[in-house]
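Peer 1: For the sequence shown, numbering that gives the first Met the number 0 gives the first residue as 0, with consecutive numbering after it. Even for Gly, the Cβ is constructed at its ideal location relative to N, Cα and C.
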Amino acid sequence: MADRALKLFLDGRVFDHPDFMEGSGSWRLAAVVFQLRTLGWPIDTIEVPAPSLEHPGRAIALYKLPAKYAAQALATMKGAPL
Numbered sequence: 000m001a002d003r004a005l006k007l008f009l010d011g012r013v014f015d016h017p018d019f020m021e022g023s024g025s026w027r028l029a030a031v032v033f034q035l036r037t038l039g040w041p042i043d044t045i046e047v048p049a050p051s052l053e054h055p056g057r058a059i060a061l062y063k064l065p066a067k068y069a070a071q072a073l074a075t076m077k078g079a080p081l
């Protein structure tokens, strides 16, 4: 699953749990993000309010890889100088 998430990040996507589940069939996005961070990927978490009647203070997480790191990774993979 980490490879699927990393591809989304390198494509510049910002996504949440439902987006990841739809594309991968996995509900373990937070675990995948933790794994990628352990490997050194500087993935950002953006907390977005998502209140419901039962949980008015609810927030969800969006995850993204800052563009400069995605560009560096893509350039390295293509063998281009940074």
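Aspartate 2 lies in the alpha helix (DSSP H); which residues open and close that run?
Peer 2: Here residue 2 refers to the residue found at position 3 of the sequence shown. Here the alpha helix (DSSP H) through aspartate 2 covers 1-9.
Peer 1: Could you check if leucine 5 is buried or exposed, using at least 16 other CB atoms within 10 Å of its CB as the buried criterion?
Peer 2: Position 6 of the sequence shown, counting from 1, holds the residue named residue 5. Looking at its Cβ environment, which holds 16 or more other Cβ atoms inside 10 Å, leucine 5 is buried.
Peer 1: Please report the straight-line C-alpha distance between alanine 58 and glutamate 46, rounded to a whole angstrom.
Peer 2: Taking the sequence shown and counting its residues from 1, the one referred to as residue 58 is at position 59. Taking the sequence shown and counting its residues from 1, the one referred to as residue 46 is at position 47. Computed Cα separation, rounded: 6 Å.
Peer 1: Given a cut-off of 8 Å on the beta-carbon distance, is the pair alanine 69 and leucine 9 in contact?
Peer 2: Counting from one through the sequence shown, the residue named residue 69 turns up at place 70. Counting from one through the sequence shown, the residue named residue 9 turns up at place 10. Yes.
Peer 1: Along the alpha helix (DSSP H) that carries leucine 28, what are the first and last residues, could you check?
Peer 2: Against the sequence shown, residue 28 aligns to sequence position 29. It spans 28-37 - the alpha helix (DSSP H) in which leucine 28 sits, taken as one unbroken run.
Peer 1: Using a Cβ-Cβ cut-off of 8 Å (strictly less than) and excluding sequence neighbours within five positions of aspartate 43, which residues of its own chain qualify?
Peer 2: The residue labelled residue 43 in the question sits at position 44 within the sequence shown. Excluding residues within five positions, the ones whose Cβ falls inside 8 Å are Tyr62, Lys63, Leu64 and Pro65.
Peer 1: On the criterion of 16 or more Cβ atoms from any shown chain inside 10 Å, does leucine 35 qualify as buried, or is it exposed?
Peer 2: For the purposes of this step, residue 35 is identified with residue 36 of the sequence shown, where counting begins at 1. Buried is the call here.
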